[in-house]
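Mapping to UniProt numbering: the sequence shown position 4 is 4, numbers consecutive.
Just so it is clear, CB atoms sit at the ideal spot from N, CA and C, and this is done for glycine as well.
Every value quoted in this text rests on a predicted model; they were computed, and no experiment measured them.
Report on the structure given below.
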Amino acid sequence: MKLLLLIAHCIAASYYTTIKDKVKNLHDLTGLSTYYEFCGLSENATRDQIKRAFRKLKKAPHPPSLTSEQYKKLVDDGYSLIFGIRNAYDEFLSNSKYIYLDEASNYRNHFYLMLLVGIFAMIFLDLFVYGIRYVWYYDRLERQRIAKKEKKRARSKGSQTDGDVVENDRRDSKKQPNPPTSVMQYLFRR
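Here it is in structure tokens:
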């Protein structure tokens, strides 16, 4: 079963890279972004319309900017994508709103993505650490409140002298926990 899933994944990945390479070739040679534009078709064209459009393209002379082999290869690639594996090609187009074909033109998206990931990671880390410190701080305050109540009960019973209570209160006031700090303050303090 795992082998079948692995094979299916490899086939899907090879379809994706094949489609990406063919679209990159189209973009490099003509400046167009999809084979639908190259053929003059809409994305919801029928199979008969696709056949007619490619027959016209095969009979038409190649543009002066392309050699006849390049033009023939573009027409064949377009036919194999639009007529052959159209579902995969349409999925490729729908999953990429903006088709950036090479890394040089896509550096800005990578930068923005990394910037967003960094900001969200810092916010999440800040909230997580701040939350833990708040729980810790609140827990210590609760323990101190409980200890004070117990001292008051013990004082009312008269088990401790007043000097012992004052000394214990001074000791407890020195043990007050510091307020929690955030990760941002921790990372960017001087």
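Simplified DSSP assignment, three categories, for residue i
{"i": "L41", "result": "coil"}
{"i": "I123", "result": "helix"}
{"i": "R190", "result": "Its pLDDT being 48, under 50, R190 is placed unreliably in this model, and the value from its coordinates should be taken loosely. It is coil, neither helix nor strand."}
{"i": "Y85", "result": "Note on residue identity: the sequence assigns Ile, not Tyr, to residue 85. In the structure shown, I85 sits in coil (DSSP, three-state: anything other than H, G, I, E or B)."}
{"i": "G131", "result": "helix"}
{"i": "L66", "result": "coil"}
{"i": "L32", "result": "coil"}
{"i": "T18", "result": "helix"}
{"i": "A53", "result": "helix"}
{"i": "A60", "result": "coil"}
Burial state of residue i, where buried means 16 or more other Cβ atoms lie within 10 Å
{"i": "Y138", "result": "exposed"}
{"i": "V23", "result": "buried"}
{"i": "G40", "result": "exposed"}
{"i": "F111", "result": "exposed"}
{"i": "G78", "result": "buried"}
{"i": "L115", "result": "exposed"}
{"i": "F38", "result": "buried"}
{"i": "Y89", "result": "buried"}
{"i": "Y35", "result": "buried"}
{"i": "L113", "result": "exposed"}
{"i": "L81", "result": "buried"}
Note to self: Three or more C-beta pairs under 8 Å: does that hold for the segment 65 to 74 against the segment 25 to 44?
What the structure shows: yes
Margin query: Between the segment 122 to 135 and the segment 46 to 63, can you find at least three pairs of beta-carbon atoms closer than 8 Å?
Written below: no
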